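Q: Structure in structure tokens, see below.
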Amino acid sequence: MTGPGFTVSVTLADERVQATLGRLAAAAGDLTPAFDDIGGGLVTSTLRRFETERDPTGRPWRPLSINTIIGRIGSRAKTFTKKGDLRKPAARYVAALKILQHRGHLMGGIHHRASRDAVEVGSDRVYARIHQFGGQAGRGRKVTIPPRPFLGIDGDDEAMVLGILRGHLGRAIGGEA
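Encoded structure:
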């Protein structure tokens, strides 16, 4: 500590404190384990959005278009009554349709990659971007796909990240494996 006209220097030679500082420096130098845990948590959070069909802000995804629904159920005679109403099995099928989960490939492609100083969470599916941000697709780009964000951070994610970082820091200071 310095002040007007004097200097105070403190040296701490305690072995436990030195060992703790060494572990803290090592943990801070390579945060891969912490980022790997964070990535796993964010993947879980993202998969939960597919279940709830809500974006990171909590807003529901836009419903499936009528064209998508018809494309899924087909136009076979067994699907509709003579009056043009859906038959009960078809109606149950329509009620059970999940947004962005027709075959499960998009949801199954969510993964993370951790490094010493970052974590990335995303999808390996080429069509993930159009579903995240929306846009024109299909032949001649005549189909408008609304954005249905599934990637992102919400308040629960922030708390999870901070909890993981505190845990890793605590283990580094405490010397636990």
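Heads up, the numbering used here is the position in the sequence shown plus 41, with the first residue counted as 1.
Don't be surprised by glycine CBs; every beta carbon is placed ideally from N, CA and C.
A quick note: this is a predicted structure, and the numbers were derived from the prediction, not measured.
Please go through the same chain and pick out, in chain order, the residues whose beta-carbon is closer than 7 Å to the beta-carbon of T52, but skip the five residues on each side of it.
A: For T52, the predicted structure reports a pLDDT of 47, less than 50, and the residue's modelled location is therefore unreliable. The matter cannot be settled from this model.
Q: For R100, which of helix, strand or coil comes out of DSSP?
A: Correct three-state label for R100: coil.
Q: Check whether the Cβ atoms of A169 and G150 sit closer than 8 Å, and answer yes or no.
A: Going by C-beta atoms, A169 is nearer than 8 Å to G150.
Q: List the whole-angstrom C-beta distance separating I79 from V160, where the pair is believed to meet the contact cut-off of C-beta under 8 Å.
A: Going by Cβ atoms, the distance from I79 to V160 rounds to 5 Å, so yes, they are a contact pair.
Q: Can you give the Cα-Cα distance for R207 and I214, rounded to whole angstroms?
A: Distance between the alpha carbons of R207 and I214 is about 10 Å.
Q: Please classify F174: is it buried, with 16 or more other beta-carbons within 10 angstroms of its beta-carbon, or exposed?
A: So F174 counts as exposed.
Q: Assign V167 to buried or exposed, taking buried as 16 or more other Cβ atoms, counted over all protein chains shown, within 10 Å of its Cβ.
A: Classification of V167: exposed, given that the 10 Å Cβ count is below 16.
Q: Identify the continuous alpha helix (DSSP H) that holds E94 and give its terminal residues.
A: First-last for E94: undefined, no H or E at that position.
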